[in-house]
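Engineer: Structure in structure tokens, see below.
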Amino acid sequence: MLDQSLLDAIKSYSTNMTRPIQMVLGQGNHDRRANLVDFLEQIASCSDKIGFDKTLVDTDLSPMSFKISADNRDTGIVFSGIPGGHEFTSLLLAILHAGGHEMKLDKSIQELVGRIQKPLKFQTFVSLSCHNCPDVVQALNQFALLNDNIENEMIDGSVFPELVEANNIQGVPAVFLNGEPFLNGKVDTARIIDKLQTQHPDLLANGQTEQLQTQDVTVIGGGPAGCAAAIYTARKGLRVALVADRIGGQVKDTQDIENLISVPLTNGNTLANNLSTHIKEYNITIKEHVSVSGIEEVKGGYKITLNTGASWTSRTLIVATGAKWRKLGVKGEDENIGNGVAYCPHCDGPFFKGKPVAVIGGGNSGIEAALDLAGIVHHVTVLEFSDKLRADQVLIDKANAKDNITIIGNAATQEITANNGKVDSLIYQDRVSGENITLPLSAVFVQIGLVPNSDVVKGLVEMSVHGEIEIDAKCRTNKAGIFACGDVTTVPYKQINIAMGEGSKAGLSAFEYLMMNS
Numbered sequence: 002m003l004d005q006s007l008l009d010a011i012k013s014y015s016t017n018m019t020r021p022i023q024m025v026l027g028q029g030n031h032d033r034r035a036n037l038v039d040f041l042e043q044i045a046s047c048s049d050k051i052g053f054d055k056t057l058v059d060t061d062l063s064p065m066s067f068k069i070s071a072d073n074r075d076t077g078i079v080f081s082g083i084p085g086g087h088e089f090t091s092l093l094l095a096i097l098h099a100g101g102h103e104m105k106l107d108k109s110i111q112e113l114v115g116r117i118q119k120p121l122k123f124q125t126f127v128s129l130s131c132h133n134c135p136d137v138v139q140a141l142n143q144f145a146l147l148n149d150n151i152e153n154e155m156i157d158g159s160v161f162p163e164l165v166e167a168n169n170i171q172g173v174p175a176v177f178l179n180g181e182p183f184l185n186g187k188v189d190t191a192r193i194i195d196k197l198q199t200q201h202p203d204l205l206a207n208g209q210t211e212q213l214q215t216q217d218v219t220v221i222g223g224g225p226a227g228c229a230a231a232i233y234t235a236r237k238g239l240r241v242a243l244v245a246d247r248i249g250g251q252v253k254d255t256q257d258i259e260n261l262i263s264v265p266l267t268n269g270n271t272l273a274n275n276l277s278t279h280i281k282e283y284n285i286t287i288k289e290h291v292s293v294s295g296i297e298e299v300k301g302g303y304k305i306t307l308n309t310g311a312s313w314t315s316r317t318l319i320v321a322t323g324a325k326w327r328k329l330g331v332k333g334e335d336e337n338i339g340n341g342v343a344y345c346p347h348c349d350g351p352f353f354k355g356k357p358v359a360v361i362g363g364g365n366s367g368i369e370a371a372l373d374l375a376g377i378v379h380h381v382t383v384l385e386f387s388d389k390l391r392a393d394q395v396l397i398d399k400a401n402a403k404d405n406i407t408i409i410g411n412a413a414t415q416e417i418t419a420n421n422g423k424v425d426s427l428i429y430q431d432r433v434s435g436e437n438i439t440l441p442l443s444a445v446f447v448q449i450g451l452v453p454n455s456d457v458v459k460g461l462v463e464m465s466v467h468g469e470i471e472i473d474a475k476c477r478t479n480k481a482g483i484f485a486c487g488d489v490t491t492v493p494y495k496q497i498n499i500a501m502g503e504g505s506k507a508g509l510s511a512f513e514y515l516m517m518n519s
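Here the sequence shown is numbered in the working numbering, starting from 2 and rising by one per residue.
And the structure:
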């Protein structure tokens with residue numbers, strides 16, 4: 002089941018373990034149980050620090066589940082299914098972290114999670130083809146290792162279809178907390194922390210929060226613009242902190258990238274990993290998996306406060322918070338997110354195998370989504386508001402060559418309808434005839450552009466009517482010492498190449514400002 006390269010990787014990484022762990026199987030019969038046993042035996046064969054005995058079972062677990070124990074104690078981590086595909090990394094990290102390998106979670110998050118004093122039982126439903134799911138599984142697994150009050154169970158929906166049906170799940174990751182829906186879709190650690198604190202304000206015991214020394218530059222955002230700004234300022238010898246919910250930002254949601262100059266073809270995950278590797282070459286304080294909850298103007302600069310309570314003063318700020326998916330704003334959209342309304346075709350497409358779906362938007366993202374879905378679903382209808390597509394011609398040609406893609410122009414989406422908790426149709430208006438047309442389908446994938454993530458500086462700097470941060474040619478805002486770059490700004494054309502250039506420019510402008518005001 003596992004190829005030799007994966008087994009060799011397990012052998013190599015397990016040398017970093019400082020204590021043994023055990024994988025304990027559930028009890029019972031299942032037609033895929035033999036595959037799970039073989040899978041676990043192969044993993045255990047890689048190191049004497051990884052234990053597995055198929056005769057030792059936990060009667061509280063299903064026959065397709067196993068838990069991880071360390072020092073003869075439950076870690077709170079359970080995998081239900083065979084964690085291959087994208088989730089293999091989640092299993093490997095769970096083994097390593099349970100075995101004593103250092104976690105990469107920010108110190109302030111580890112401190113906050115350690116203070117949680119209420120029982121939290123998470124169930125995280127995944128698809129093994131979902132590239133966003135591992136981030137959630139890995140974060141919650143680390144939470145479980147940090148606090149005995151926390152448990153997390155990864156559930157492969159394809160192995161437990163009855164649970165998927167019972168919980169009406171049509172998108173992943175789908176996270177349940179103590180038996181109730183908690184989060185759905187792409188989420189990061191910062192959002193998990195924010196929602197926990199919002200829903201359970203008395204969740205934490207009192208404790209100390211981390212304080213950093215004064216920084217010359219704080220970059221908010223870890224996408225191409227933010228990473229470029231951090232690198233350029235660090236290379237000037239400045240004391241730099243970078244705050245990001247995830248390194249790579251929106252790039253991580255992109256599949257093939259063919260227009261990054263000098264790189265004929267790459268993908269979002271590879272580029273995000275390269276950005277992470279590059280910024281770690283410099284003396285940059287990286288605060289990942291957290292978010293900024295407050296910015297206050299103080300003597301000597303700005304006080305930054307994170308959602309974990311950590312804080313520090315920074316002489317300058319560079320805002321590179323990027324953008325998020327734009328919503329349609331029609332009836333039935335918000336009500337059906339996770340029940341047939343989705344924004345990530347790569348994650349949620351497999352749930353609609355063999356079914357009809359629609360993609361809203363005729364730009365590059367929309368046509369790329371249609372092409373991706375065409376290999377999974379029965380039929381894709383692309384609805385574009387204008388009379389012609391805005392995507393690159395090479396993508397349009399590929400879409401036109403597909404027998405199961407239909408493109409409709411002059412289509413204004415009016416409503417998304419559902420029956421028994423599942424999307425069953427979309428109503429759009431023909432903008433030429435004025436006629437309303439009902440399109441029977443099972444899912445709607447919205448790909449109509451982006452909205453700037455500028456709330457963090459709302460009321461602090463000037464913005465356009467669209468919420469973009471107003472900047473000049475040197476990335477300066479109207480507020481002294483605050484710079485901005487990338488997709489969150491008024492700079493036209495939201496492209497990776499442009500974001501990197503703008504981030505570099507913002508870094509140089511911040512350096513110039515500090516030299517002139519020191």
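Each residue gets a CB set at the ideal place from its N, CA and C atoms; glycine is no exception.
All values derive from a computational prediction rather than experimental measurement.
What's the C-alpha gap between L427 and A375?
Structural biologist: Cα to Cα, the separation comes out at about 19 Å.
Engineer: For R316, does the three-state DSSP call read helix, strand or coil?
Structural biologist: Residue state, collapsed to three classes: strand.
Engineer: If you run the structure through DSSP and keep just helix, strand and coil, what is D388?
Structural biologist: D388 falls in the coil class under three-state DSSP.
Engineer: Note down, in chain order, each residue of its chain lying with its Cβ closer than 8 Å to the Cβ of F308, except the 5 sequence neighbours on either side.
Structural biologist: It is worth fixing the name first, because residue 308 is Asn in this sequence and not Phe. Result list for N308: A191, I194, D195, Q198, V291, S292, V293 and S294, in chain order.
Engineer: In its own chain, which residues sit with a C-beta less than 7 Å from the C-beta of A235, not counting the 5 before and 5 after it?
Structural biologist: Contacts found: V241, Y283, N284 and I285.
Engineer: Have a look at K325 and E103 and give me their C-alpha separation to the nearest angstrom.
Structural biologist: Near 31 Å, if we compare the C-alpha coordinates of E103 and K325.
Engineer: Whose C-beta lies closer than 8 Å to the C-beta of S159 among residues of the same chain, with five residues either side of it excluded?
Structural biologist: Around S159: G82, S128 and L129.
Engineer: Could you give the residue range of the alpha helix (DSSP H) that holds L218?
Structural biologist: The sequence given here has Val at residue 218, not Leu. Premise fails: V218 lies in the beta strand (DSSP E), Q216 to I221, not in any alpha helix (DSSP H).
Engineer: Is the stretch 436-456 in contact with the stretch 338-346, if contact means three or more CB pairs nearer than 8 Å?
Structural biologist: Result yes; three or more Cβ-Cβ pairs closer than 8 Å.
Engineer: Applying the criterion that 16 or more other CB atoms from any shown protein chain within 10 Å of the CB defines a buried residue, is Q216 buried or exposed?
Structural biologist: Buried: at least 16 other Cβ atoms inside 10 Å.
Engineer: Taking the straight line between their C-alpha atoms, what separation do you get for L146 and L372?
Structural biologist: For L146 and L372, the distance between alpha carbons rounds to 40 Å.
Engineer: Does Y303 pass the burial test, meaning 16 or more other C-beta atoms within 10 Å, or should it be called exposed?
Structural biologist: Flag for Y303 reads buried.
Engineer: Report buried or exposed for I262, applying the criterion of at least 16 other Cβ atoms within 10 angstroms of its Cβ.
Structural biologist: Exposed, because fewer than 16 other Cβ atoms sit within 10 Å of the Cβ of I262.
Engineer: In the DSSP assignment, what residue or residues form a beta bridge with I156?
Structural biologist: Beta-bridge pairing links I156 to S81 and F126.
Engineer: Between E181 and Q171, what straight-line distance do the alpha-carbon atoms span, to the nearest angstrom?
Structural biologist: If you take the alpha carbons of E181 and Q171, they lie about 16 Å apart.
Engineer: Can you round the beta-carbon distance between L329 and T382 to whole angstroms, since I take them to be within the 8 Å contact cut?
Structural biologist: So it is not a contact: roughly 15 Å between Cβ atoms.
Engineer: If you drop the 5 nearest sequence neighbours on each side, which residues of the same chain put their C-beta closer than 7 Å to that of G224?
Structural biologist: So the list reads G249, G250, Q251, V252, A321, G323, G487 and A500, once near-sequence residues are dropped.
Engineer: Do A474 and the ligand COA come close, with the Cβ less than 6 Å from some heavy atom?
Structural biologist: This structure lacks the ligand COA; in fact it carries no ligand of any kind.
Engineer: Over what stretch of residues does the alpha helix (DSSP H) that includes A273 continue unbroken?
Structural biologist: Here the alpha helix (DSSP H) through A273 covers G269 to I280.
Engineer: Contact defined as beta carbons within less than 8 Å: I believe G29 pairs with P64. What is the distance between those atoms, to the nearest angstrom?
Structural biologist: The pair is a contact, with the Cβ atoms about 3 Å apart (cut-off 8 Å).
Engineer: Residues bridged to Q23 by DSSP?
Structural biologist: Its beta-bridge partners are G52 and S70.
Engineer: Please return the same chain residues whose Cβ sits closer than 7 Å to the Cβ of P351, not counting the five positions on each side in sequence.
Structural biologist: Same-chain partners within the cutoff: S128, S130 and I377.
Engineer: Would you check if there are 3 or more beta carbon pairs closer than 8 Å linking the stretch 41-54 to the stretch 21-28?
Structural biologist: Touching, yes, given that three or more Cβ pairs across the two stretches are closer than 8 Å.
Engineer: Would you mind giving the Cβ-Cβ distance between A229 and S505, rounded to the nearest angstrom? I have them listed as a contact below 8 Å.
Structural biologist: Indeed they touch by this definition, with Cβ atoms about 5 Å apart.
Engineer: For G364, which option in L276, H380, K389 and E88 has the closest C-alpha, if you only look at C-alpha atoms?
Structural biologist: Among L276, H380, K389 and E88, the Cα nearest to that of G364 is on K389.
Engineer: Quick check on the DSSP output: the beta strand (DSSP E) that includes G295 runs from which residue to which?
Structural biologist: Note, G295: beta strand (DSSP E), V293 to V299.
Engineer: Can you give me the C-alpha to C-alpha distance between E334 and E289, rounded to a whole angstrom?
Structural biologist: Answer to the nearest angstrom: the Cα atoms are 31 Å apart.
Engineer: Using the Cα positions of F484 and N270, report the straight-line distance between them to the nearest angstrom.
Structural biologist: Going from the Cα of F484 to the Cα of N270 covers about 27 Å.
Engineer: Residues in the same chain with beta-carbon distance under 8 Å from L141, minus the five sequence neighbours each way, listed in chain order, please.
Structural biologist: The answer, listed in chain order, is F123, T125, I151, N153, V176 and I193.
Engineer: Who are the near neighbours of K108 in its chain, counting only those whose CB is closer than 7 Å to its CB and skipping five residues on each side?
Structural biologist: Excluding sequence neighbours, K108 sits near E211.
Engineer: Where do the N-terminal and C-terminal ends of the beta strand (DSSP E) with N437 fall, by residue?
Structural biologist: Counting along the chain, the beta strand (DSSP E) containing N437 begins and ends at N437 to P441.
Engineer: Throw me the rounded Cβ distance for the C520 and H87 pair, which I believe falls under 8 Å.
Structural biologist: No answer is possible for residue 520: the residues shown for the chain start at 2 and end at 519.
Engineer: Output needed for A95: all residues of its chain with C-beta closer than 7 Å, excluding positions within five of it in sequence on either side, in chain order.
Structural biologist: Answer for A95: I69, I78 and N142, listed in chain order.
Engineer: Curious, which full-length beta strand (DSSP E) runs of at least 3 residues does the stretch 102-150 contain?
Structural biologist: If we require 3 residues or more, the beta strand (DSSP E) runs fully inside the stretch 102-150 come out as 121-127.
Engineer: Buried or exposed, going by whether 16 or more other CB atoms sit within 10 Å of the CB of G222?
Structural biologist: Counting Cβ neighbours within 10 Å, G222 comes out buried, since at least 16 surround it.
Engineer: V331 and Q430 look like a contact to me (Cβ under 8 Å); what is the Cβ gap, rounded to whole Å?
Structural biologist: With a Cβ gap of about 11 Å, V331 and Q430 do not count as contacting.
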